[in-house]
Amino acid sequence: MNIELLNQASAFICQEADMLDHGEYAEWLALWEDKGLYIVPINPDETDFANTLNYACDDAKMRNLRVARLGSGESISTSPAPRTIRSVSRFRVLADDGTTVTVRCAQNLREFRKEIHKHYTANLTYTLVRTVDAEGDSFRIQQKVVRLLNASDALQCIGYIP
Amino acid sequence: MTSQTTSKGHTLADLVQHDRVHTSLYTDPAIFEDEMEKVFANTWVWVAHASEIPEAGSYKTGYIGRQPVVTVRDRKQQVHVLLNRCRHRAATVCEGHKGKTNSFVCPYHGWSYSLDGALRGVPSPESYGDLLDKADYPLVKLRVEEYAGMIFATFKDDIEPLVDFLGPAKKWMDLFMKQGGGFPIKVGGEHRFRFPGNWKIQLENTTDAYHFPLVHKSFLSSVDKQTEEMLDFVEGPGFVEDLGNGHSVMVMIPDLVDLEANLDAPIPERFAALAEELRADYPEDQVRRIVRAVGGSGFNLNIFPNIACSMAFFRVLRPVSVTETEIHHAVITMDGGPEAGNRARLRMHEHFQGPMGFGTPDDSEAWERVQKGSNAGTDQWILLNRGLAKEQETADGRRSDVSAETGMRAAYRQWKKLMTA
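Just so you know, the protein sequences line up as chains A and B, in that order. With the numbering used here applied, the first sequence closes on residue 162, and no number is skipped along the way. With the numbering used here applied, the second sequence closes on residue 421, and no number is skipped along the way.
And the structure:
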């Protein structure tokens with residue numbers, strides 16, 4: 001097992017989770033490849049995201065619009081904004097071709113807004129492109145798929161980025 | 001409700017007036033219980049679109065009111081709507097939302113039924129002697145009729161034919177189905193979500209243009225200028241029309257009532273890239289027809305009590321309890337149509353609809369707040385008099401401006417008729 005790669009990937013994903021929980025959306029947007037896709041499918045076994053209906057299938061433009069909406073104050077479902085705390089764990093490198101790394105992990109997300117405390121559990125699968133930034137070896141997100149445990153059920157509205 | 005008088009001393013008939021309804025319609029559990037019988041078990045209720053059960057053995061489970069049903073296509077292509085309940089000891093015989101099967105087998109004792117509901121097999125029948133004639137115990141079958149691919153069922157054997165119930169709504173259904181762009185319409189998946197509020201709050205919303213610029217401000221900020229102007233319809237030339245039997249249509253964008261008209265009009269900027277992609281495979285007239293269809297219809301057709309043909313999707317509502325409602329927003333695609341066109345439809349649906357859309361969560365928040373606010377006061381009313389001043393009789397019913405509450409008044413008139421019959 002390549003522990004160094006596992007550490008690098010999990011450190012990157014934990015940092016991303018922390019950014020989303022703390023509303024650091026500009027920094028979060030900068031983690032992405034230009035052609036990257038953020039996907040929340042309905043069927044947890046789906047692989048053809050382009051030709052099926054998802055909860056979200058965001059390219060760069062939609063990611064920017066989603067972030068803008070969350071901060072706009074124009075949306076009653078996100079004002080006040082939900083607070084979230086997510087834990088990510090159970091990291092596993094599924095593939096590594098030297099350029100891109102595929103990593104899967106578990107996410108437990110707790111949300112609180114107004115009087116309601118909710119819990120969403122998900123499998124996250126990342127396709128990460130190796131890159132080098134000012135602090136050394138790092139990644140850019142080419143694809144992030146959030147497979148909610150109860151995605152095929154009737155959900156309640158989600159006013160943040162899971 | 002065994003009595004016709006509520007806890008506030010009103011009769012059921014008093015609770016719906018021509019310009020207002022009583023708040024207890026959102027909050028009274030006894031009224032909800034009554035609605036399950038007098039509304040949902042007493043009229044035509046939508047159960048599926050034909051494309052959701054395309055082949056012999058295709059089924060879809062669902063509910064009429066709170067009663068679980070299965071809609072299934074048999075080997076002769078006939079559609080049946082069956083109560084999802086074994087005749088032996090009541091276990092459901094079909095689980096899962098959609099799928100394909102050869103038969104329905106009860107998991108408890110193995111009674112098996114054919115696709116038309118006939119009881120075929122009873123394991124170890126000897127114990128019954130001659131007490132059990134299988135012909136006496138098919139799955140209970142509802143009356144089923146279909147119009148424009150929309151399948152409806154009813155518990156009432158003596159109710160009017162579906163086409164009579166739909167009446168003037170039929171022509172709007174025909175117009176709505178033009179968004180196949182020359183291809184058959186296909187349900188291409190759905191967003192399902194619940195909100196903590198009464199089902200009639202959602203029923204009203206489909207015919208409520210008034211909320212759009214305010215509740216959907218963040219959505220409007222996320223679209224191009226041309227689309228934003230198109231959706232600026234509250235003071236525009238559209239209208240709401242009561243079509244009778246609780247049905248109504250709200251025309252927001254009159255130019256998009258007939259998707260096969262005005263095909264020579266310039267292609268909107270947001271569809272320019274799609275049109276260019278389609279030109280590789282289709283002649284120009286077909287490109288224009290598909291692109292115009294992809295954008296969706298300019299109206300919402302509300303069909304009482306549980307289905308709407310809403311711009312570019314089907315909205316299905318399911319009452320769960322007096323304070324909880326499940327909504328399905330089913331995306332419509334072109335069966336056999338261009339993948340690029342269907343992808344555009346899917347992305348547009350994701351943009352507005354569903355629990356992570358830019359529109360639905362704000363609707364849901366507004367409805368939740370209606371339910372919460374409805375607990376205030378002891379004898380308060382919900383106002384429905386908007387647009388009443390200018391309402392005019394028409395050949396199909398009555399009509400007022402686009403943000404009139406005419407459609408809500410239509411729905412409550414039908415509610416009253418059913419609840420007090």
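In this text, a Cβ means the ideal position worked out from N, Cα and C, and glycines have one as well. Quantities reported herein were computed from a predicted structural model and do not represent experimental measurements.
Cβ proximity to chain A below 7 angstroms picks out Arg-347, His-349, Glu-350, Gly-354, Pro-355, Met-356, Phe-358, Thr-360, Pro-361, Asp-362, Ser-364, Glu-365, Ala-366 from the segment 347-373 of chain B. A direct Cα-Cα distance of roughly 12 angstroms separates Glu-326 of chain B from Leu-203 of chain B. With contacts defined as CB atoms closer than 8 angstroms, Ser-374 of chain B and Thr-27 of chain B qualify as a contacting pair. The C-alpha of Gly-73 of chain A lies about 20 angstroms from the C-alpha of Glu-115 of chain A. By the neighbour-count criterion, in which a residue is buried when 16 or more other Cβ atoms sit within 10 angstroms of its Cβ, Glu-126 of chain B is exposed. Annotation: the segment 122-172 of chain B contains the following complete segments of the alpha helix (DSSP H) (minimum length 4 residues), in chain order: 162-166.
Val-234 of chain B is a Cβ neighbour of Pro-213 of chain B, given a cutoff of 8 angstroms. Taking the C-beta atoms as reference points, Phe-193 of chain B is found no nearer than 8 angstroms to Thr-11 of chain B. Close to chain A, meaning a Cβ-Cβ distance shorter than 8 angstroms, are the following residues of the segment 168-192 of chain B: Gly-188, Gly-189, Glu-190, His-191, Arg-192.
Between Ser-24 of chain B and Phe-195 of chain B, the gap from beta carbon to beta carbon reaches 8 angstroms or more. Distance from the CA of Phe-304 of chain B to the CA of Val-79 of chain B, rounded to the nearest whole angstrom, comes to 22 angstroms.
Rounded to the nearest whole angstrom, the CA to CA distance from Leu-53 of chain A to Gln-142 of chain A is 20 angstroms.
Per the DSSP secondary-structure output, Cys-157 of chain A pairs with nothing in a beta bridge. In this structure, B:Ile-151 is the residue among B:Lys-141, B:Lys-416, B:Ile-151 with its C-alpha nearest to the C-alpha of Ala-50 of chain B. Between Gly-36 of chain A and chain B, the shortest Cβ-Cβ separation is not below 8 angstroms.
Non-local beta-carbon contacts of Ser-138 of chain A in its own chain, meaning distances under 6 angstroms to residues more than five positions away in sequence, involve Thr-131 in chain order. Under the DSSP assignment, Ile-141 of chain A falls in the beta strand (DSSP E) whose first and last residues are 136-148. Less than 8 angstroms divides the Cβ of Asp-335 of chain B from the Cβ of Lys-186 of chain B. At a cut-off of 8 angstroms between beta carbons, Val-47 of chain B makes no contact with chain A.
For Ser-72 of chain A, the C-beta contacts it makes with chain B under 7 angstroms involve Ser-218, Ser-221, in order along the chain. DSSP, reduced to helix, strand and coil, places Gln-392 of chain B within a strand of the structure shown.
Taking C-beta atoms under 8 angstroms as the contact rule, Arg-90 of chain A and Ala-122 of chain A fail to qualify, at a distance of about 12 angstroms.
The C-beta distance from Val-122 of chain B to Lys-134 of chain B rounds to 7 angstroms, short enough to meet the 8 angstroms contact threshold. Listed along the chain, the chain B residues whose CB falls inside 8 angstroms of the CB of Ala-60 of chain A amount to none; the nearest CB is some 14 angstroms away.
Membership of Val-88 of chain A in the beta strand (DSSP E) is indicated by the continuous run 83-96. Ile-158 of chain A places its beta carbon 8 angstroms or farther from that of Leu-20 of chain A. Contact note: Val-331 of chain B reaches chain A through Leu-53, using a C-beta cutoff of 8 angstroms and chain order. In chain order, Leu-346, Arg-347, Glu-350 make up the part of chain B whose C-beta sits under 9 angstroms from the C-beta of Cys-57 of chain A. In this structure, DSSP gives Lys-114 of chain A a state outside helix and strand, which the three-state scheme calls coil. Here Gln-179 of chain B is near Leu-259 of chain B, since their CB atoms are less than 8 angstroms apart. From the beta-carbon of Val-215 of chain B, the residues of chain A found nearer than 8 angstroms are Ile-76. The alpha-carbon separation between Leu-119 of chain B and Pro-107 of chain B amounts to approximately 14 angstroms. Taking C-alpha positions only, Arg-110 of chain A is separated from Thr-78 of chain A by approximately 16 angstroms. Contact of Glu-37 of chain B with chain A by beta-carbon distance below 8 angstroms is absent, the smallest such distance being about 24 angstroms.
Each residue's CA atom was taken as its position, placing Leu-274 of chain B and Ala-106 of chain A some 37 angstroms apart. The DSSP-derived three-state label of Met-177 of chain B is helix.
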